[in-house]
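Counting in the working numbering, the sequence shown runs from 1 upward without gaps.
A virtual CB, placed ideally from N, CA and C, is assigned to each residue, including glycine.
Predicted model only: the values in this text are computed from it and were never measured.
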Amino acid sequence: MNKKSILLKEIIRSDALQFGMFEDSEGNVVPYYLDLTRLWKIPELLRTVGELISEDLKEQEEAKIVCGAGYTGAPLATIVSQLLKKPLIVVSENEIFGSLEPGAKVMIIDDVIATGNKASKIVKRVIFEGGQPYIYVVVLDKKTGGSSKLIQMNVKFFSLFSFEELITKAYELGVIGEEELKALKENQKK
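Structural data, given as structure tokens:
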């Protein structure tokens with residue numbers, strides 16, 4: 001079992017993924033909730049996520065600054081910043097923390113992307129502050145249009161895992177049954 005597969009298994013076991021009926025940030029009812037802030041209570045797991053992101057992005061030399069996307073991206077961005085030996089900033093929709101050199105290419109780190117509304121606001125804030133968003137990196141892409149929105153904004157996109165990988169692993173581990181798996185896949189098509 002490779003490191004990514006082990007990590008996915010541990011994310012599921014951390015109770016970051018919950019099934020039921022939840023309201024997402026857009027007000028839509030969805031059959032699951034993913035809260036990657038639960039990884040914060042398991043430092044080794046959080047570190048492993050940061051290491052995997054760093055390994056996958058070490059060739060992205062163009063990016064000179066690592067940016068945490070709000071409070072959800074800040075812990076991972078801190079780890080990535082240290083491992084890649086690049087300066088760190090944190091950007092919210094309304095403000096920036098840290099020093100952003102004008103014209104610097106920025107690698108933005110976040111936990112999850114869904115519709116891309118938050119991501120596009122973060123990208124716009126980086127531009128407003130004088131930076132150039134180079135790549136937007138997430139742990140999980142829910143595959144509900146967010147990555148496409150970023151690509152349309154000329155920002156590269158990378159995710160460690162897709163929603164499909166997450167629910168497939170949950171099924172393999174017996175966390176969900178075949179009916180739940182089908183329902184989750186159907187919900188994703190909406």
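Contact check, Leu-57 vs Val-137 under 8 Å by CB: the rounded distance? Cβ atoms of Leu-57 and Val-137 come within 8 Å of each other, at about 7 Å.
How would you label Val-29, buried or exposed, when you count the other beta carbons within 10 angstroms and need 16 or more for buried? exposed
Should Ile-167 go down as buried or exposed, given a rule of 16 or more other Cβ atoms within 10 Å for buried? The residue is buried, with at least 16 neighbouring Cβ atoms inside 10 Å.
Count the other C-beta atoms from every protein chain shown that fall within 10 angstroms of the C-beta of Lys-41, then say buried if there are 16 or more, exposed otherwise. exposed
DSSP state of Leu-173, grouped into three classes? Leu-173: coil per DSSP, three-state reduction.
C-beta contact flag for Asp-141 and Ser-147 at 7 Å: yes
Of all the options Glu-165, Val-175, Lys-4, which has the alpha carbon lying nearest to the alpha carbon of Lys-185? Here the closest residue by C-alpha is Glu-165.
Could you tell me which residues DSSP pairs with Ile-122 in its beta bridges? Paired residues: none, contrary to the question.
When DSSP labels each residue in this structure, what does Ala-210 get in the three-state scheme? Nothing can be reported for residue 210: it is not among the residues displayed for the chain, which extend from 1 to 190.
Please name the residue or residues paired with Asp-110 in a DSSP beta bridge. Val-138
Within its chain, find whatever has a CB closer than 7 Å to the CB of Asn-187; leave out the 5 residues flanking it on each side and keep chain order. Val-30, Pro-31
Touch test, the region 170-178 against the region 72-79, Cβ-Cβ under 8 Å, three pairs minimum: no
With DSSP as the reference, label Pro-31 as helix, strand or coil. strand
CA-CA distance, Phe-163 and Thr-144? 10 Å
Check whether the Cβ atoms of Cys-67 and Ile-108 sit closer than 7 Å, and answer yes or no. yes
Residue interval of the alpha helix (DSSP H) (run including Ile-42): Counting along the chain, Ile-42 falls outside any alpha helix (DSSP H), and DSSP gives it neither H nor E.
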